[in-house]
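Undergrad: Counting along the sequence shown from 1, when you hit position 56 you're at 767 in the numbering used here, and nothing is skipped either side.
This is the structure, below, for whatever I ask next.
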Amino acid sequence: MDSIRSGTLILILLLTSAAAHSDEVKRDAWMNKMSTALPSAFCISGQFFRECFEVSQDECEGAATSAVRFCLQKYKDQIPKVLIQPKDGGHWGKIIDDCTVEAYEKALQTKRISNSKCNDPSHWR
């Protein structure tokens, strides 16, 4: 799954860095940005999360939004109140990304498409 997420992780790093006008970002601002940007990034047409699940754009974004919210809440108390960018944003972005992938796949497991492209992570680098 690491290769599936590599494009999403790059986007996370860009978002978390772009969110900062300085080197510091408050946790709530970072979490708000992640909760809106990450579901959209997951559900871009042509991405694994759209191509390998039988879901519409709205269904994908709904499931991804729910998964991101769950993961942000799960880790909220561990995320520093002030994140130093890009180090903290990248670190916590990967944790939230990993959690979101797992939660998304679990929620939509009955809609997962099994074919050679979807089952081969090298197609999603």
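A virtual CB, placed ideally from N, CA and C, is assigned to each residue, including glycine.
1. Can you look up Gly718 in the DSSP assignment and give me helix, strand or coil?
2. Given that a residue counts as buried once 16 or more other Cβ atoms are within 10 Å of its Cβ, and exposed if not, what is Ile824?
3. With DSSP as the reference, label Ile824 as helix, strand or coil.
4. Can we say the segment 767-784 touches the segment 825-834, given the rule of at least three CB pairs closer than 8 Å?
5. To which residues of the same chain is Leu749 closer than 6 Å at the C-beta, ignoring the five residues directly before and after it?
6. Rounded to a whole number of angstroms, what is the C-alpha to C-alpha distance between Pro832 and Phe759?
7. Within 10 angstroms of the Cβ of Gly757, are there 16 or more other Cβ atoms? Answer buried if so, exposed if not.
8. Could you check the C-alpha separation between Cys771 and Leu819 for me, to the nearest Å?
9. Output yes or no for whether 8 Å exceeds the beta carbon distance between Lys882 and Arg738.
10. Buried or exposed: which applies to Gln796, given that a residue is buried once 16 or more other Cβ atoms fall within 10 Å of its Cβ?
11. For Lys787, collect the residues of the same chain with a Cβ closer than 8 Å to its Cβ; drop the 5 residues on either side in sequence, then sort them by chain order.
TA: According to the structure data:
1. The residue you call residue 718 lines up with position 7 of the sequence shown. Unreliable positioning characterises Gly718 in this predicted model, as indicated by a pLDDT of 49, which lies under 50. The coordinate reading is nonetheless provided below. Here Gly718 sits in helix by DSSP.
2. As a working mapping, residue 824 is identified with position 113 in the sequence shown. Exposed: under 16 other Cβ atoms inside 10 Å.
3. Locating residue 824 in the sequence shown gives position 113, where the first residue counts as 1. The answer is coil: DSSP assigns Ile824 none of H, G, I, E or B.
4. no
5. To locate residue 749, count along the sequence shown from 1; it is residue 38. For Leu749, where only same-chain residues beyond five positions count, the Cβ hits under 6 Å are Val779.
6. As a first step, residue 832 must be located in the sequence shown, where it is residue number 121. As a first step, residue 759 must be located in the sequence shown, where it is residue number 48. Cα to Cα, Pro832 sits roughly 9 Å from Phe759.
7. What you label residue 757 is simply residue 46 of the sequence shown in a count that begins at 1. Per the 10 Å Cβ criterion, exposed.
8. Position 60 of the sequence shown holds residue 771. Position 108 of the sequence shown holds residue 819. Their Cα atoms are separated by approximately 9 Å.
9. This structure gives no information on residue 882, because the portion of the chain shown stretches from 712 to 836.
10. For the purposes of this step, residue 796 is identified with residue 85 of the sequence shown, where counting begins at 1. With 16 or more Cβ atoms within 10 Å of its Cβ, Gln796 is classed as buried.
11. In the sequence shown, counting from the first residue as 1, residue 787 sits at position 76. Only Arg738 and Met742 meet the Cβ criterion.
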